[in-house]
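Trainee: Residues in the sequence shown are numbered from 371 upward in steps of one, following our numbering. Backbone N, C-alpha and C define an ideal beta-carbon position, used for all residues, glycine too.
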Amino acid sequence: MSGTTTAGSRRTAGVPRQWRGTEASGGANRWVVLLVLCVSLLLVAVDATVLHVAVPAVTEDLRPGAIELLWIVDVYPLVCASLLILFGTLGDRVGRRRVLLLGYGLFGAASALAAFAGNPQILIVARALLGVGGAMIMPATLSILRQVFPDRRERAMAIGIWSAVAAVGAAVGPLLGGFLVENFWWGSVFLVNLPLMVVALPVGRWLLPESTGDRDGPWDVLGAVMAACGLFCVVFGVKRMGSGAGLLNAVTAAPVLLGAVLLVLFVRRQRRRTHPLVDLKLFSRPAFSISVGCIVLALLALVGLELIAAQYLQLVLGLTPLETGLRLLPLTFAAMAAGLVGSRMLQWLGPRVMVAVGFALTALAVLSLTAMGLSDRPAVLVGGFIVLGFGLETTLFSAYESMLNEASTGSAGGAAAIGETSYQLGAGIGIALLGSVMNAAYKPGVSSVPGVPASASSDASQSLGAAYKVSDRLGGHAGEALRSASRSAFVHGLHITLAVSAGLLLLGALAALRLPRTMECPADDEEPSQGPDQGQREQEQRDQGQREQGRRDQAQLEQAQLEQAQREPGQREPGQREQGGTDAPARRDRATV
371 MSGTTTAGSR RTAGVPRQWR GTEASGGANR WVVLLVLCVS LLLVAVDATV LHVAVPAVTE
431 DLRPGAIELL WIVDVYPLVC ASLLILFGTL GDRVGRRRVL LLGYGLFGAA SALAAFAGNP
491 QILIVARALL GVGGAMIMPA TLSILRQVFP DRRERAMAIG IWSAVAAVGA AVGPLLGGFL
551 VENFWWGSVF LVNLPLMVVA LPVGRWLLPE STGDRDGPWD VLGAVMAACG LFCVVFGVKR
611 MGSGAGLLNA VTAAPVLLGA VLLVLFVRRQ RRRTHPLVDL KLFSRPAFSI SVGCIVLALL
671 ALVGLELIAA QYLQLVLGLT PLETGLRLLP LTFAAMAAGL VGSRMLQWLG PRVMVAVGFA
731 LTALAVLSLT AMGLSDRPAV LVGGFIVLGF GLETTLFSAY ESMLNEASTG SAGGAAAIGE
791 TSYQLGAGIG IALLGSVMNA AYKPGVSSVP GVPASASSDA SQSLGAAYKV SDRLGGHAGE
851 ALRSASRSAF VHGLHITLAV SAGLLLLGAL AALRLPRTME CPADDEEPSQ GPDQGQREQE
911 QRDQGQREQG RRDQAQLEQA QLEQAQREPG QREPGQREQG GTDAPARRDR ATV
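(1) Comparing alpha-carbon positions, which option in P434, L412, V425 lies nearest L566?
(2) If you count every other CB in all the chains shown that lies within 10 Å of the CB of W576, and 16 or more means buried, which is it?
(3) Which of the three DSSP states, helix, strand or coil, is assigned to S654?
(4) Can you have a look at G378 and say buried or exposed, based on whether 16 or more other CB atoms are within 10 angstroms of its CB?
(5) Where G712 and P721 are concerned, what is the direct C-alpha to C-alpha distance, given to the nearest angstrom?
(6) With a floor of 4 residues, list each alpha helix (DSSP H) that falls wholly inside the segment 557-587, ordered by position along the chain.
(7) Residue range of the alpha helix (DSSP H) that A882 falls in?
(8) Can you check whether the C-beta of R525 is within less than 7 Å of a C-beta belonging to chain C?
(9) Would you kindly check if the distance between the Cβ of M808 and the Cβ of T732 is under 7 Å?
(10) Would the beta-carbon of A671 fall within 7 Å of that of S871?
(11) Enumerate in chain order the residues of its own chain whose CB-to-CB distance from D649 is below 6 Å, with the five nearest sequence positions on each side excluded.
(12) For Q640, is the classification buried or exposed, using 16 other Cβ atoms within 10 angstroms of its Cβ as the cut-off for buried?
(13) Can you grab the Cα-Cα spacing for the pair G458 / A851, in whole Å?
(14) Judging by CA-CA distance, which residue of L744, M742, A726 is the nearest neighbour of L762?
(15) According to DSSP, simplified to helix, strand and coil, what is R497?
(16) Since I believe G759 is in contact with L701 (beta carbons under 8 Å), could you give me their beta-carbon distance rounded to a whole number of angstroms?
(17) Taking Cβ to Cβ, would you say A484 is nearer than 7 Å to L476?
(18) What does the alpha-carbon distance come out to for the pair A418 and P820?
(19) Would you report the Cα separation of G835 and A597, rounded to the nearest angstrom?
(20) If Y682 sits next to L864, beta carbons under 8 Å apart, how far is it from one beta carbon to the other, in whole angstroms?
(21) Helix, strand or coil for M773, going by three-state DSSP, please let me know.
(22) So is P1023 buried or exposed if we call it buried at 16+ other beta carbons inside 10 Å?
(23) Give me the residue from A537, V518, A526, V449 with the minimum Cα distance to A496.
(24) Are the CB atoms of L716 and A526 within a distance shorter than 7 Å?
(25) Taking the beta carbon of R887 as the centre, do at least 16 other beta carbons fall within 10 Å, making it buried, or is it exposed?
(26) Compute the Euclidean distance between the alpha carbons of L440 and V816, then round it to the nearest angstrom.
(27) Just to confirm my understanding: we take D829, look at its own chain, exclude 5 residues before and 5 after, and list those with CB closer than 7 Å. What are they?
(28) Take F703 as the anchor and find which of I442, D462, A541, V637 has the nearest alpha-carbon.
(29) Out of R714, Q794, L685, L628, point me to the one whose CA is closest to Q664's CA.
(30) Cutting at 7 Å between CB atoms, please list the residues of its own chain near V573, excluding the five before and the five after it.
(31) Going by beta carbon distance, what residues of the same chain come within less than 6 Å of A971, once the five residues before and after it are set aside?
(32) A730 and V551 - do their beta-carbons sit closer together than 7 Å?
(33) From this set, R433, G873, I531, A879, which residue's C-alpha is nearest M973's C-alpha?
(34) Roughly how far, in whole angstroms, is the beta-carbon of M742 from the beta-carbon of L734, given that I think they are within contact range, below 8 Å?
(35) Taking the C-alpha atoms as reference points, what is the distance between T374 and A657?
(36) Does DSSP classify T791 as helix, strand or coil?
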């Protein structure tokens with residue numbers, strides 16, 4: 371059990387004694403470990419977005435079909451999201467550093483395979499392996515961080531840096547990918563991982579501490595498979611909805627339904643098991659469950675919006691992909707700033723105010739972006755993106771910190787996996803939801819353009835890019851009218867989507883009011899739900915119970931021997947007869963004992 375002490379000595383369960391001594395002697399090594407973990411996270415975050423700008427080059431070189439291209443793009447987040455809980459809980463059992471180092475090796479090998487893929491099938495397999503490696507790395511970084519920073523104040527600062535690095539990676543990915551594709555070939559976007567992995571593997575093996583959680587009972591293999599398959603089906607169905615397939619479509623509805631059934635069975639199985647894969651009791655704590663819900667809401671409201679904003683910058687304002695990435699940089703810089711100052715703000719304001727204010731700031735920024743129109747307004751965009759980035763990072767940082775604080779060091783991997791899974795699910799559902807809102811608001815604007823045939827209007831209603839292709843094909847006055855109408859319809863749809871996103875963010879602000887008011891910081895390395903001596907008291911109670919049980923067993927054994935002696939008075943051993951003289955005194959002596 372986490373936090374258990376014996377013989378008066380205390381240490382956090384799962385933290386090696388030599389590591390605890392290093393912490394006490396100055397704590398510098400903790401920050402070196404954080405640096406290694408941040409490099410790991412940076413690689414995964416960059417790889418999640420670096421391929422987006424390389425898709426045209428991949429299409430031209432490998433000639434994938436439409437379905438193959440969809441899998442090339444989507445298989446990485448799909449596999450990663452479905453395996454987070456599996457590898458997060460496995461790290462609690464076999465060692466978080468071990469899982470992380472295996473993830474390093476697999477990530478590097480898959481990167482090399484993807485860089486030199488000669489056909490779409492090999493690239494799909496490589497991207498899937500990258501997803502497996504990412505699922506091994508992501509929860510391990512956060513659970514090790516929870517382990518080596520037992521003090522909540524320091525841990526809050528570390529999580530702020532960790533989340534700022536994640537924001538940087540997501541923004542750097544498209545910029546780095548654009549630079550590499552313009553100057554090299556598309557496979558170079560994967561090769562950038564190799565030098566860092568070659569360095570990270572030996573450095574991580576040397577510097578990172580090994581730790582495990584509770585090892586009581588067998589690891590629930592069937593439960594892990596059920597969770598992975600259920601999440602895979604749900605995320606696949608959600609991504610299908612995000613790509614335009616309706617919920618009633620069989621290819622969409624069947625995976626979602628199957629995934630939901632598997633996840634329900636998984637939850638029921640975990641409730642019945644003595645040693646569950648995931649401690650579902652965590653969700654009974656408001657700070658944990660509300661934090662997870664806030665992560666889902668934040669990503670649901672904003673990830674789909676970011677994709678729509680990128681389309682607006684490129685298709686409506688006519689910016690290049692590189693210019694679009696540069697326009698989004700203020701959002702990244704603001705997120706970095708929020709992550710770096712978030713720990714002090716959290717100690718001052720507390721989780722409730724931090725998350726609620728973060729949601730409110732983000733909603734205000736989203737509403738300010740409704741000033742975007744057919745013409746470029748750089749000041750509005752920059753100001754809105756700065757407030758949006760700061761508010762979003764404030765929300766996510768505080769929610770992650772509150773969620774992780776509720777988990778013991780023994781279940782840190784499972785808790786981190788739940789947080790990362792909620793992040794991925796929120797992002798997927800957000801793309802599907804806001805994309806559907808956008809399409810519903812956009813289609814009426816291009817359905818009845820004067821001079822445009824009905825078939826052309828139907829094709830143009832699929833997307834703004836499709837409308838541009840149709841207008842070029844039509845040419846003349848009809849083509850110009852369709853282009854103008856489609857741009858206006860897209861801006862109208864953007865405004866509606868922004869309003870829906872703001873509403874979701876305000877809902878998150880209301881939910882955040884149930885979070886703890888203050889940031890409670892237990893002394894030294896106490897678990898959040900334990901008092902300073904609870905582990906020692908529990909051990910003493912167990913020892914006392916064992917002693918009492920031993921005395922009861924001994925008394926029962928002696929009573930059984932006495933009864934047997936009374937039933938068979940003539941079968942005494944010679945030695946006993948000589949010592950006692952007769953059988954009766956021997957029985958009296960035994961009865962006295």
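Mentor: Looking at the atomic coordinates:
(1) Numbered from its first residue, the sequence shown carries residue 566 at position 196. If we check each option's Cα against that of L566, L412 comes out closest.
(2) Along the sequence shown, one-based indexing puts residue 576 at 206. Around the beta carbon of W576, fewer than 16 other beta carbons sit within 10 angstroms, so the residue counts as exposed.
(3) Residue mapping note: residue 654 aligns to position 284 of the sequence shown, counting from 1. In the structure shown, S654 sits in a helix (DSSP, three-state: H, G or I).
(4) Within the sequence shown, the letter at position 8 stands for residue 378. Low local confidence applies: a pLDDT of 36 at G378 is under 50, so the model's placement there is unreliable, with the coordinate-based value given in what follows. Around the C-beta of G378, fewer than 16 other C-beta atoms lie within 10 Å, and the residue is accordingly described as exposed.
(5) For the purposes of this step, residue 712 is identified with residue 342 of the sequence shown, where counting begins at 1. For the purposes of this step, residue 721 is identified with residue 351 of the sequence shown, where counting begins at 1. For G712 and P721, the distance between alpha carbons rounds to 11 Å.
(6) Note on the segment 557-587: whole alpha helix (DSSP H) runs with a minimum of 4 residues are 558-561, 563-577, in chain order.
(7) In the sequence shown, residue 882 corresponds to position 512, counting from 1. Note, A882: premise wrong, no alpha helix (DSSP H); not H, not E.
(8) Looking at the structure shown, chain C is missing, and only one protein chain is on hand.
(9) Stepping through the sequence shown from its first residue, residue 732 is reached at position 362. Stepping through the sequence shown from its first residue, residue 808 is reached at position 438. No, these two residues do not count as a Cβ contact at 7 Å.
(10) In the sequence shown, counting from the first residue as 1, residue 671 sits at position 301. In the sequence shown, counting from the first residue as 1, residue 871 sits at position 501. Cβ distance < 7 Å, so A671 and S871 count as in contact.
(11) On the sequence shown, position 279 is the one that residue 649 refers to. Around D649: S781.
(12) The residue you call residue 640 lines up with position 270 of the sequence shown. Burial call: buried.
(13) To locate residue 458, count along the sequence shown from 1; it is residue 88. To locate residue 851, count along the sequence shown from 1; it is residue 481. Across the structure, G458 and A851 are spaced so that their CA atoms are roughly 54 Å apart.
(14) On the sequence shown, position 392 is the one that residue 762 refers to. With distances taken between Cα atoms, L762 lies closest to A726.
(15) Position 127 of the sequence shown holds residue 497. R497 falls in the helix class under three-state DSSP.
(16) In the sequence shown, the residue the question calls residue 701 occupies position 331. In the sequence shown, the residue the question calls residue 759 occupies position 389. So it is a contact: roughly 4 Å between Cβ atoms.
(17) Position 114 of the sequence shown, counted from the start, is the residue given in the question as residue 484. Position 106 of the sequence shown, counted from the start, is the residue given in the question as residue 476. In this structure, A484 keeps its C-beta atom at 7 Å or more from the C-beta atom of L476.
(18) One-based indexing of the sequence shown puts residue 418 at position 48. One-based indexing of the sequence shown puts residue 820 at position 450. Roughly 43 Å separates the two Cα atoms.
(19) The count along the sequence shown starts at 1 and reaches residue 835 at position 465. The count along the sequence shown starts at 1 and reaches residue 597 at position 227. Distance between the alpha carbons of G835 and A597: 38 Å.
(20) In the sequence shown, residue 682 corresponds to position 312, counting from 1. In the sequence shown, residue 864 corresponds to position 494, counting from 1. Rounded to the nearest angstrom, the Cβ distance from Y682 to L864 is 6 Å, consistent with a contact under 8 Å.
(21) Within the sequence shown, residue 773 is the residue found at index 403, counting from 1. In this structure, M773 counts as helix in the three-state DSSP scheme.
(22) Residue numbering for the chain in the displayed model covers 371 to 963; residue 1023 lies beyond these limits and cannot be assessed.
(23) Locating residue 496 in the sequence shown gives position 126, counting from the first residue. Residue V449 is the option with its Cα nearest to A496.
(24) Along the sequence shown, read from residue 1 onward, the residue named residue 526 stands at position 156. Along the sequence shown, read from residue 1 onward, the residue named residue 716 stands at position 346. Going by beta carbons, A526 and L716 fall inside the 7 Å limit.
(25) Position 517 of the sequence shown, counting from 1, holds the residue named residue 887. Exposed, since its Cβ has fewer than 16 Cβ neighbours within 10 Å.
(26) Along the sequence shown, one-based indexing puts residue 440 at 70. Along the sequence shown, one-based indexing puts residue 816 at 446. Cα to Cα, the separation comes out at about 27 Å.
(27) Working through the sequence shown from its first residue, we reach residue 829 at position 459. Its chain contains A836, V840 as the residues whose beta carbon lies nearer than 7 Å to that of D829, once the 5 sequence neighbours on both sides are disregarded; these appear in chain order.
(28) Locating residue 703 in the sequence shown gives position 333, where the first residue counts as 1. With distances taken between Cα atoms, F703 lies closest to A541.
(29) Position 294 of the sequence shown, counted from the first residue, corresponds to residue 664. For the sequence presented, residue 664 should be read as Cys rather than Gln. Of R714, Q794, L685, L628, the residue nearest in Cα terms is Q794.
(30) For this step, residue 573 is matched to residue 203 along the sequence shown. Around V573: V406.
(31) Because the chain here runs from 371 to 963, residue 971 falls outside it and cannot be looked at.
(32) Looking up residue 551 in the sequence shown gives position 181. Looking up residue 730 in the sequence shown gives position 360. Between V551 and A730, the gap from beta carbon to beta carbon reaches 7 Å or more.
(33) One cannot answer for residue 973 here, as it falls past the ends of the chain, which runs 371 to 963.
(34) In the sequence shown, residue 742 corresponds to position 372, counting from 1. In the sequence shown, residue 734 corresponds to position 364, counting from 1. At roughly 15 Å, the Cβ-Cβ gap does not stay under 8 Å, so M742 and L734 are not in contact.
(35) Position 4 of the sequence shown, counted from the start, is the residue given in the question as residue 374. Position 287 of the sequence shown, counted from the start, is the residue given in the question as residue 657. Below a pLDDT of 50, predicted positions are generally treated as unreliable, and T374, at 34, falls in that range; no measurement from the model is reported.
(36) As a working mapping, residue 791 is identified with position 421 in the sequence shown. Judged by DSSP in its simplified three-state form, T791 adopts helix.
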